[in-house]
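Numbering (our numbering), first residue to last: 3 to 374. The beta carbon of each residue, even a glycine, is placed where N, CA and C say it ideally should be. Data first, discussion second: the structure below is written as structure tokens.
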């Protein structure tokens, strides 16, 4: 969402960059607004500036789930250091003996955005959906600034959650950041994973060491990157305060369209707003794990050979997405003795599960037919 916001305002940014000293001014302002190091003071004044709170996020999440017809439970699952992971559990007698599916959402998202998938997926096996540590209604702790340590904290929280809810093994389905963490987790805990489903995963490609001389990066883009480097990805949403809800509706009207079969009001943009103006805990961790141009500082392709070859991987892309899909082919080439299949869903963008939910649900259920 932040990347598309920057793109949409690139013309404005180019004009702003011509103002002398703007870079220094922004850096100074940042120290007082949204520092990734000192974010912890924000909650003290956040409610008076941003029209949001933990209770409003909870209410927005309940609104997102009001159209889900399957029976489910919701709870906070306690892990170490007083942290809790918000969890939805779908299970019934007819599927309770099957390997459960665990849904890991992407950056800036939460369990509510699976609303169009939960009924279909839970008819065939138990389904667990959790807000990742630092996101949604889960605890928002201070993460290490080191990208490797931040990634490890995410992975360890998932493992502690798994042990607490009592899952022996699972199918891991991750979107965006959730896909990156699904593979990272599976490398460290291979005995707990029967299949990985990556949906438009983030963090796989290698960063390019050299710049293509035929296609040099424009000076204004370099300046833009330098200007915004101190910022958390969604800092602007918090910075505009009470204008935030309108900003989400204006810049991302597509989210309302994606869920138009379920909601005709502003349920979805309101949920997205409340998700992303709380304390930027997981957001800061994600920023620290991200290098230039949105690539991971520790790309997963460097480590994919550490994943046990007997763990099948399915990678799902949207045909209209701008996400690099070459990583899927690279993974298949790097794992010649393993099962790797790539699925493209027509008419879908980055949020495949929301753009074409029926097709997505059908494909995922097909993939899982061979999992007990």
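| Query | Result |
| --- | --- |
| Start-to-end residues for the alpha helix (DSSP H) that takes in residue 75 | Here residue 75 belongs to no alpha helix (DSSP H); instead the beta strand (DSSP E) covers 75 to 80. |
| Buried/exposed call for residue 248, threshold 16 Cβ in 10 Å | exposed |
| DSSP-derived helix/strand/coil call for residue 264 | coil |
| Selection from 354, 322 and 66 that minimises the alpha carbon distance to residue 271 | 66 |
| Three-way DSSP call (helix, strand, coil) for residue 40 in this model | Bear in mind that a pLDDT of 42 at residue 40, under 50, signals an unreliable position, so the number given afterwards is only what the model happens to contain. Coil. |
| Opposing strand residues paired with residue 88 [DSSP bridges] | 78 |
| Cβ pair count under 8 Å reaching 3, the region 120 to 127 against the region 146 to 160 | no |
| Span of the beta strand (DSSP E), counted from its first residue to its last, around residue 63 | Premise fails: residue 63 lies in the alpha helix (DSSP H), 56 to 66, not in any beta strand (DSSP E). |
| Reduced DSSP secondary structure (H/G/I, E/B, other) of residue 122 | helix |
| 3-residue-minimum beta strand (DSSP E) runs that sit fully inside the region 275 to 333, ordered along the chain | 315 to 320 |
| Per-residue DSSP class, three states only, for residue 105 | strand |
| Start-to-end residues for the beta strand (DSSP E) that takes in residue 131 | 129 to 132 |
| Pair within 8 Å by beta-carbon distance, residue 82 and residue 162 | yes |
| Nonlocal neighbours in the same chain, by C-beta distance under 6 Å from residue 261, ignoring five residues either side | 270 |
| Residue burial classification, residue 295 (beta-carbon count within 10 angstroms, cutoff 16) | exposed |
| Neighbourhood of residue 147 by C-beta distance below 6 Å, restricted to the same chain and skipping five residues each side | 290 |
| Simplified DSSP assignment, three categories, for residue 164 | helix |
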